[in-house]
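Here is the structure we will look at.
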Amino acid sequence: MFLTISTSGDAAHPATDLGYLLHKHPGKAQRFSTSHGTAHVFYPEAGDRRCTAALLLETDPVALARRGRGKSRGKAPDAALAQYVNDRPYAASSLLAVALSSVFSSALRGVCASRPERAAAPLPLRIEVPALPARGGAELVGRLFEPLGWTVTADPVPLDTAFPQWGDSRYVHLVLESDTLTLAEALRHLYVLLPVLDDAKHYWVSSDEVDKLLRAGEGWLPGHPEQHLITSRYLSRRWSLTRQARERLELVRLAEADDSEVEAIDNAVPQDSGEEAEEKPAPLAVQRREAILAALRDAGAARVLDLGCGQGQLVQQLLKDVRFTEVVGVDVSVRALTVAARRLRLDRMGERQAARVRLVQGSLAYTDRRLKGYDAAVLSEVIEHLELPRLPALEYAVFGHARPRTVVVTTPNVEYNVRWDTLPAGHVRHGDHRFEWTREEFRSWAAAVAERHGYGVGFTPVGPDDPEVGPPTQMAVFHIETEKEAKAA
Ligand code: SAH
Numbered sequence: 001m002f003l004t005i006s007t008s009g010d011a012a013h014p015a016t017d018l019g020y021l022l023h024k025h026p027g028k029a030q031r032f033s034t035s036h037g038t039a040h041v042f043y044p045e046a047g048d049r050r051c052t053a054a055l056l057l058e059t060d061p062v063a064l065a066r067r068g069r070g071k072s073r074g075k076a077p078d079a080a081l082a083q084y085v086n087d088r089p090y091a092a093s094s095l096l097a098v099a100l101s102s103v104f105s106s107a108l109r110g111v112c113a114s115r116p117e118r119a120a121a122p123l124p125l126r127i128e129v130p131a132l133p134a135r136g137g138a139e140l141v142g143r144l145f146e147p148l149g150w151t152v153t154a155d156p157v158p159l160d161t162a163f164p165q166w167g168d169s170r171y172v173h174l175v176l177e178s179d180t181l182t183l184a185e186a187l188r189h190l191y192v193l194l195p196v197l198d199d200a201k202h203y204w205v206s207s208d209e210v211d212k213l214l215r216a217g218e219g220w221l222p223g224h225p226e227q228h229l230i231t232s233r234y235l236s237r238r239w240s241l242t243r244q245a246r247e248r249l250e251l252v253r254l255a256e257a258d259d260s261e262v263e264a265i266d267n268a269v270p271q272d273s274g275e276e277a278e279e280k281p282a283p284l285a286v287q288r289r290e291a292i293l294a295a296l297r298d299a300g301a302a303r304v305l306d307l308g309c310g311q312g313q314l315v316q317q318l319l320k321d322v323r324f325t326e327v328v329g330v331d332v333s334v335r336a337l338t339v340a341a342r343r344l345r346l347d348r349m350g351e352r353q354a355a356r357v358r359l360v361q362g363s364l365a366y367t368d369r370r371l372k373g374y375d376a377a378v379l380s381e382v383i384e385h386l387e388l389p390r391l392p393a394l395e396y397a398v399f400g401h402a403r404p405r406t407v408v409v410t411t412p413n414v415e416y417n418v419r420w421d422t423l424p425a426g427h428v429r430h431g432d433h434r435f436e437w438t439r440e441e442f443r444s445w446a447a448a449v450a451e452r453h454g455y456g457v458g459f460t461p462v463g464p465d466d467p468e469v470g471p472p473t474q475m476a477v478f479h480i481e482t483e484k485e486a487k488a489a
């Protein structure tokens with residue numbers, strides 16, 4: 001198993017600084033014994049202009065087999081390890097990733113006492129892995145590395161050059177090039193993505209793998225378009241671990257999302273295209289809450305869920321009306337819930353009022369027994385924060401599992417965006433919006449959801465209903481259709 005890391009430089013920034021950054025002297029060949037064999041670090045070239053460090057891992061089949069037996073406690077290690085012993089000593093796998101992290105541990109953390117400024121700055125980098133097992137092929141290799149700023153060349157390796165008719169193996173010859181990444185970032189990408197591409201681990205994946213993944217993924221995994229594939233493969237498809245990792249990634253992403261844009265638009269007053277209004281109309285967020293409250297009153301709801309309650313503005317409004325006897329705010333973001341609790345003065349609330357309200361942390365992408373048995377649920381400006389492929393999971397959790405009799409969903413109408421003076425053309429209203437829908441798109445989604453889960457659905461515009469582009473916010477109100485179904489739920 002083999003990989004090389006090269007950089008270029010000049011007299012002022014000699015390429016041999018790589019030796020400092022890796023904490024391995026370019027003039028020496030060094031050996032390190034790892035639990036799976038011997039790792040060698042050496043420099044095939046080391047000049048001011050170009051410097052290349054090589055990491056070679058010689059696996060020790062005996063150590064591997066012995067270790068496998070000791071650790072597995074009867075989990076059939078032999079079959080899993082056989083491949084490493086037999087036909088894969090040369091393929092870059094999780095063994096190489098582990099060797100990389102132990103031999104270059106300081107570099108992986110970006111620590112370099114003698115050249116801190118070099119460690120913190122992007123470097124011209126070229127990484128070469130001659131035999132990388134790639135389940136998903138060269139195309140997946142591109143999808144994983146390109147979003148991170150790499151230029152990727154992944155050439156399939158023929159099964160046998162003497163017999164081209166046998167076709168390609170599942171290995172690729174990988175070259176990654178970038179000058180926008182630090183060495184630590186580059187190493188952390190490899191540490192995570194090598195085993196992901198191999199789609200196998202040589203050891204039993206336990207819960208501390210989630211911590212390792214999030215640590216190595218800091219700064220790049222939360223926004224990665226393939227983060228679901230990465231977490232699932234990295235954690236060997238262990239569902240409970242994958243779920244844990246995804247929830248934590250979602251928290252990170254939300255904590256990083258900038259709330260300022262939504263504030264600006266929400267507090268803006270939509271321009272009425274018609275006559276001059278007598279009174280200044282209310283900001284959109286206020287109009288939206290009024291429309292939701294009206295829909296809940298019409299439905300006769302008393303026990304209400306506010307799903308994705310954010311900072312608790314709607315919960316606060318609901319509590320002002322005594323017909324709402326129980327209000328539960330749910331959000332995945334602890335930060336939002338903390339703000340909500342402060343807004344509601346939960347800690348200073350009288351006993352009777354406190355008995356009416358609860359804030360619960362949870363993700364709407366998963367079924368949750370705590371959400372069953374309510375009259376109504378509100379999803380106000382929430383669906384557009386989920387990746388489209390995750391929407392069916394939310395749909396099932398709310399309409400299939402929790403099944404309140406009434407569900408109110410609001411979302412931006414993208415057609416209206418041209419009417420916001422402050423919004424540059426083609427932009428969504430909030431940096432964290434994963435999509436914004438036209439009226440047609442929202443209606444067809446809502447109609448399909450209603451159909452699938454036995455609800456009826458109606459639509460109400462929120463804000464001025466522009467004759468050309470419609471209202472700024474679109475609202476769908478779902479009701480379970482028959483008494484029989486309501487009972488069945
Ligand atoms: N309902 C509020 C907040 C909308 S912002 C309002 O109308 O003003 C979207 C909210 O959805 C955020 O607070 C975010 O934390 C939450 N959210 C996003 N994805 C979520 C998920 N999968 N589970 C639960 N909440 C989620």
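For the sequence shown, the numbering used here begins at 1 and goes up steadily by one.
Note that the Cβ used here is the ideal one computed from N, Cα and C, for glycine as well.
Fair warning: this is a prediction, and the values are worked out from it, not measured in the lab.
**Study point:** Of the listed residues 208, 289 and 382, nearest to residue 332 (C-alpha basis)
**Key:** Its Cα nearest to that of residue 332, the residue 382 stands out among 208, 289 and 382.
Exercise for review: Please specify which runs of the beta strand (DSSP E), each continuous and at least 3 residues long, are wholly inside the stretch 92-142, giving them in chain order.
Suggested key: As far as the stretch 92-142 is concerned, its whole beta strand (DSSP E) runs of at least 3 residues are 123-133.
Review point. How should residue 150 be labelled, buried or exposed, when 16 other C-beta atoms within 10 angstroms of its C-beta is the threshold for buried?
Key: Residue 150 counts as buried, since at least 16 other C-beta atoms from the protein chains shown sit within 10 angstroms of its C-beta.
Exercise for review: May I ask whether a heavy atom of the ligand SAH can be found less than 7 angstroms away from the beta carbon of residue 331?
Suggested key: For the ligand SAH, at least one heavy atom lies less than 7 angstroms from the Cβ of residue 331.
Check your understanding: Taking buried to mean at least 16 other C-beta atoms within 10 Å of its own C-beta, is residue 227 buried or exposed?
Key -> Around the Cβ of residue 227, a 10 Å sphere holds 16 or more other Cβ atoms; the residue is buried.
**Study point:** Cβ contact check for the stretch 152-162 and the stretch 181-200: 3 or more pairs under 8 angstroms
**Key:** Flag = no, the stretch 152-162 and the stretch 181-200 do not touch.
Check your understanding: Using the C-alpha atoms, what's the distance from residue 142 back to residue 135?
Key -> Answer to the nearest angstrom: the Cα atoms are 12 angstroms apart.
Check your understanding: In its own chain, which residues sit with a C-beta less than 7 angstroms from the C-beta of residue 322, not counting the 5 before and 5 after it?
Key -> For residue 322, where only same-chain residues beyond five positions count, there are no Cβ hits under 7 angstroms.
Check your understanding: residue 240 by DSSP, collapsed to three states: which one?
Key -> Here DSSP, grouped into helix, strand and coil, assigns residue 240 to helix.
Exercise for review: Whole angstroms is fine: what's the gap from residue 391's alpha carbon to residue 448's?
Suggested key: Each residue's Cα considered, the two are about 13 angstroms apart.
Check your understanding: By Cβ distance below 6 angstroms, which residues in the same chain neighbour residue 406 in space, the five residues on each side in sequence not counted?
Key -> Residues 299, 301, 376 and 479 of the same chain have their beta carbon placed closer than 6 angstroms to that of residue 406, with the five preceding and five following residues left out of the count.
Exercise for review: Using the Cα positions of residue 20 and residue 434, report the straight-line distance between them to the nearest angstrom.
Suggested key: Between residue 20 and residue 434, the C-alpha separation is close to 42 angstroms.
Check your understanding: Just to confirm, are residue 191 and residue 131 a CB contact at a threshold of 8 angstroms?
Key -> No; because the gap between Cβ atoms is not below 8 angstroms, this pair is not in contact.
Practice item. Might you give, ordered along the chain, the residues of its own chain that have their beta carbon closer than 7 angstroms to the beta carbon of residue 470, omitting 5 neighbours on each side? Key: In chain order, 413, 415, 416, 439 and 461 place their CB closer than 7 angstroms to the CB of residue 470, counting only its own chain and leaving out the 5 sequence neighbours on each side.
Review point. How long is the line joining the alpha carbons of residue 196 and residue 157, rounded to whole angstroms?
Key: Spanning the alpha carbons of residue 196 and residue 157 requires a straight line of approximately 19 angstroms.
Practice item. Look at the alpha carbon of residue 304 and the alpha carbon of residue 349, and state the distance between them as a whole number of angstroms. Key: Pairing residue 304 with residue 349, the inter-Cα distance amounts to about 19 angstroms.
**Study point:** Euclidean distance between Cα positions of residue 356 and residue 325
**Key:** Residue 356 and residue 325: Cα-Cα distance of roughly 6 angstroms.
Check your understanding: With respect to the alpha helix (DSSP H) encompassing residue 441, which residues constitute its N-terminal and C-terminal limits?
Key -> That run of the alpha helix (DSSP H) goes 439-453.
Check your understanding: Alpha carbon to alpha carbon, what distance is there between residue 222 and residue 252?
Key -> For residue 252 and residue 222, the distance between alpha carbons rounds to 7 angstroms.
Check your understanding: Under the rule that 16 or more other beta-carbon atoms within 10 Å means buried, what is residue 474, buried or exposed?
Key -> Residue environment analysis places residue 474 among the buried positions, since at least 16 neighbouring C-beta atoms fall within 10 angstroms of its C-beta.
Review point. From which residue to which residue does the alpha helix (DSSP H) around residue 233 run?
Key: 227-234 is the span of the alpha helix (DSSP H), which, as asked, contains residue 233.
Check your understanding: Between which two residues does the beta strand (DSSP E) containing residue 338 stretch?
Key -> Segment 334-344 is the alpha helix (DSSP H) holding residue 338; no beta strand (DSSP E) there.
Review point. What does a CB cutoff of less than 8 angstroms around residue 446 pick up in its chain, not counting 5 residues either side in sequence?
Key: Cβ within range, chain order: 409, 457, 459, 476 and 478.
Check your understanding: Short check: CB of residue 128 to CB of residue 174, under 8 angstroms?
Key -> In this structure, residue 174 lies closer than 8 angstroms to residue 128 by Cβ.
Check your understanding: Any chance the CB of residue 314 is under 7 angstroms from a heavy atom of the ligand SAH?
Key -> Yes - the ligand SAH has a heavy atom lying nearer than 7 angstroms to the Cβ of residue 314.
Check your understanding: Quick one: does the C-beta of residue 387 sit closer than 7 angstroms to a heavy atom of the ligand SAH?
Key -> Residue 387 has its CB no nearer than 7 angstroms to any heavy atom of the ligand SAH.
Exercise for review: Quick one: using the 10 Å Cβ neighbour count with 16 as the cut-off for buried, is residue 419 buried or exposed?
Suggested key: Buried, because 16 or more other Cβ atoms sit within 10 Å of the Cβ of residue 419.
Exercise for review: Please determine if the stretch 26-42 and the stretch 96-108 are in contact, where contact requires at least 3 C-beta pairs separated by less than 8 angstroms.
Suggested key: Yes, since at least three Cβ pairs between the stretch 26-42 and the stretch 96-108 fall closer than 8 angstroms, the two stretches touch.
**Study point:** Where residue 378 falls: helix, strand or coil (DSSP)
**Key:** In this structure, residue 378 counts as strand in the three-state DSSP scheme.
Check your understanding: Going by alpha carbons, who is nearest to residue 240 out of 216, 219, 209 and 224?
Key -> Per the Cα distances, 209.
Practice item. Consult DSSP for residue 321 and reduce its assignment to one of helix, strand or coil. Key: Of the three classes helix, strand and coil, the one that applies to residue 321 here is coil, per DSSP.
Check your understanding: Is it the case that the CB of residue 382 approaches a heavy atom of the ligand SAH more closely than 7 angstroms?
Key -> Yes; taking the cut-off as 7 angstroms, the Cβ of residue 382 has a heavy atom of the ligand SAH nearer than that.
Practice item. With a threshold of 7 angstroms, establish whether the CB of residue 318 neighbours any heavy atom of the ligand HEM. Key: No copy of the ligand HEM occurs in the structure displayed; its ligands are the ligand SAH alone.
Check your understanding: Are residue 44 and residue 29 touching if we call contact CB-CB under 8 angstroms?
Key -> No Cβ-Cβ contact shorter than 8 angstroms links residue 44 with residue 29.
Review point. How long is the line joining the alpha carbons of residue 15 and residue 187, rounded to whole angstroms?
Key: Just so you know, the alpha carbons of residue 15 and residue 187 end up roughly 17 angstroms apart.
**Study point:** Closer than 7 angstroms: residue 33 CB and nearest the ligand SAH heavy atom
**Key:** No heavy atom of the ligand SAH is found nearer than 7 angstroms to the CB of residue 33.
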